[in-house]
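Quick notes on the structure that follows.
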Amino acid sequence: MVTKTYPASDVRLLAELGVHHVAENRDQDAAPKAAECADLPLIWHFVGQLQTNKVRSVASYADMVQSVDRKRLVDALSRAAVGAGRELGCLIQVALDAESGQQGERGGVAPDGVEALCDAVVEAQGLRLDGLMTVAPLAGPYAGQPRAAFDRLMEISSSLRAAHPAANMVSAGMSSDLEDAVAAGATHVRVGTAVLGVRPRLR
Numbered sequence: 001m002v003t004k005t006y007p008a009s010d011v012r013l014l015a016e017l018g019v020h021h022v023a024e025n026r027d028q029d030a031a032p033k034a035a036e037c038a039d040l041p042l043i044w045h046f047v048g049q050l051q052t053n054k055v056r057s058v059a060s061y062a063d064m065v066q067s068v069d070r071k072r073l074v075d076a077l078s079r080a081a082v083g084a085g086r087e088l089g090c091l092i093q094v095a096l097d098a099e100s101g102q103q104g105e106r107g108g109v110a111p112d113g114v115e116a117l118c119d120a121v122v123e124a125q126g127l128r129l130d131g132l133m134t135v136a137p138l139a140g141p142y143a144g145q146p147r148a149a150f151d152r153l154m155e156i157s158s159s160l161r162a163a164h165p166a167a168n169m170v171s172a173g174m175s176s177d178l179e180d181a182v183a184a185g186a187t188h189v190r191v192g193t194a195v196l197g198v199r200p201r202l203r
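All residue numbers for the sequence shown refer to full-length UniProt numbering, where the first residue is 1 and numbers rise by one.
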């Protein structure tokens, strides 16, 4: 459940209803919320683009980072995880609108860079390779075609699992395209608005 912009009190209500996985995309909102809910049996996912200067904070509460998209970030996450004495699950964010060697408009590594980045995570201390994530692209050959984009992600995931069988998580789809993601075979969807409604601004 994506709880960005919603207060910790709502996270508590969700936990009472049986929600165990919560996701945030901004460290400055997530860190105090996670601290306030530290007594709850929650698994925290960080799903936003992550700057290296926020890594230490994110590693202190997140159980999984779904937006790993560059080697420098892998190195920073590894140092932070080791320093915190924790293991961080990692999803490689795949940019289906990116050319070779480039990043996508919404973050992520180009498909031909996935294998090397996966290997970097596997070799890094304190990190665990759990699978792949994507956001339906707004540009490129898959623009406006979320099902085709998610099908492509599943192909990449199949290749990844051949080398790393445990990396079987596929995070694809949000409230607007979750049906396409589920139909393609995603194991996780990042849903917020479809359940919680239009989010008010935090004050």
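The beta carbon of each residue, even a glycine, is placed where N, CA and C say it ideally should be.
Original post:
What residue range is occupied by the uninterrupted beta strand (DSSP E) comprising Cys37?
Top reply: Taking the sequence shown and counting its residues from 1, one reaches residue 37 at position 37. Counting along the chain, Cys37 falls outside any beta strand (DSSP E), and DSSP gives it neither H nor E.
Original post:
In its own chain, which residues sit with a C-beta less than 7 Å from the C-beta of Ala139, not counting the 5 before and 5 after it?
Top reply: Within the sequence shown, residue 139 is the residue found at index 139, counting from 1. Cβ within range, chain order: Asp97 and Glu105.
Subject >> Contacting residues, own chain, Cβ-Cβ under 7 Å from Ala31 (five flanking each side not counted) >> reply: Along the sequence shown, one-based indexing puts residue 31 at 31. In the same chain as Ala31, and ignoring 5 residues on each side of it, the C-beta atoms closer than 7 Å to its own belong to Ser57 and Tyr61, in chain order.
**OP:** Measure the CB-CB distance between Leu132 and Leu117 and report whether it falls below 8 Å.
**Re:** The sequence position of residue 132 within the sequence shown is 132, counting from 1. The sequence position of residue 117 within the sequence shown is 117, counting from 1. The answer is no: Cβ separation not under 8 Å.
Original post:
Is there contact here, the segment 157-168 with the segment 141-149, by at least three beta-carbon pairs under 8 Å?
Top reply: Touching, no.
Subject >> Residues sharing a beta bridge with Glu87, DSSP >> reply: What you label residue 87 is simply residue 87 of the sequence shown in a count that begins at 1. In the DSSP output, where bridge partners are listed per residue, Glu87 has none listed.
**OP:** Check whether the Cβ atoms of Leu129 and Val74 lie closer than 8 Å to each other.
**Re:** If you number the sequence shown from 1, residue 129 lands on position 129. If you number the sequence shown from 1, residue 74 lands on position 74. Result no, Cβ atoms of Leu129 and Val74 do not sit closer than 8 Å.
Original post:
Helix or strand or just coil, what does DSSP make of Leu17?
Top reply: The residue you call residue 17 lines up with position 17 of the sequence shown. Of the three classes helix, strand and coil, the one that applies to Leu17 here is coil, per DSSP.
Subject >> Top-ranked residue by Cα proximity to Ala183, from Arg190, Ala172 and Gly192 >> reply: As a position in the sequence shown, residue 183 is number 183, starting the count at 1. The shortest C-alpha separation from Ala183 is found at Ala172.
Subject >> Proximity of Gln51 and Asp69 at Cβ, strictly below 8 Å >> reply: The residue given as residue 51 occupies position 51 in the sequence shown. The residue given as residue 69 occupies position 69 in the sequence shown. Between Gln51 and Asp69, the C-beta spacing is not below 8 Å.
**OP:** Measure the C-alpha to C-alpha separation of Trp44 and Glu155 and round it to an integer number of angstroms.
**Re:** For the purposes of this step, residue 44 is taken as the residue at position 44 of the sequence shown. For the purposes of this step, residue 155 is taken as the residue at position 155 of the sequence shown. Roughly 27 Å between the two C-alpha positions.
Subject >> CA-to-CA distance, Gly144 to Ala8, given in whole angstroms >> reply: Counted from its first residue, the sequence shown places residue 8 at position 8. Counted from its first residue, the sequence shown places residue 144 at position 144. The straight-line gap from Cα to Cα measures roughly 34 Å.
Subject >> Counted within 10 angstroms of its Cβ, other Cβ atoms place Gln125 as buried (16 or more) or exposed >> reply: The residue you call residue 125 lines up with position 125 of the sequence shown. Taking every protein chain shown into account, the CB of Gln125 has fewer than 16 other CB atoms within 10 angstroms, so this residue is exposed.
Original post:
Per DSSP, what kind of secondary structure is residue 232 in: helix, strand or coil?
Top reply: Here the chain comprises residues numbered 1 to 203, so residue 232 is not present and cannot be evaluated.
Subject >> Spatially closest choice to Arg79 from Cys90, Ala59, Ser67 and Leu91, by CA coordinates >> reply: Here residue 79 is taken as the residue at index 79 of the sequence shown, counted from 1. Comparing Cα-Cα distances from Arg79 to each of Cys90, Ala59, Ser67 and Leu91, the minimum goes to Ala59.
**OP:** Report the residue ranges of all alpha helix (DSSP H) runs contained in full by the segment 104-134; include only those spanning at least 4 residues, in chain order.
**Re:** As far as the segment 104-134 is concerned, its whole alpha helix (DSSP H) runs of at least 4 residues are 114-123.
Original post:
Of the choices Asp177, Met174, Ser175 and His188, whose alpha-carbon is the least far from that of Asn168?
Top reply: Your numbering for residue 168 matches position 168 in the sequence shown. Among Asp177, Met174, Ser175 and His188, the Cα nearest to that of Asn168 belongs to His188.
Original post:
Taking the DSSP output, what are the residues bridged to Gln93?
Top reply: For the purposes of this step, residue 93 is identified with residue 93 of the sequence shown, where counting begins at 1. DSSP, once it has assigned bridges, lists Met133 as partnering Gln93.
Subject >> Element boundaries [beta strand (DSSP E), containing Ala172] >> reply: Stepping through the sequence shown from its first residue, residue 172 is reached at position 172. Unbroken beta strand (DSSP E) run through Ala172: Met169 to Met174.
**OP:** Measure the CB-CB distance between Arg190 and Val47 and report whether it falls below 8 Å.
**Re:** To locate residue 190, count along the sequence shown from 1; it is residue 190. To locate residue 47, count along the sequence shown from 1; it is residue 47. Their beta carbons are under 8 Å apart, which means Arg190 touches Val47 by this criterion.
**OP:** Tell me whether Gly197 is buried or exposed, calling it buried when 16 or more other Cβ atoms sit within 10 Å of its Cβ.
**Re:** One-based indexing of the sequence shown puts residue 197 at position 197. Taking all protein chains in view, the Cβ of Gly197 is surrounded by fewer than 16 other Cβ atoms within 10 Å, so the residue is classified as exposed.
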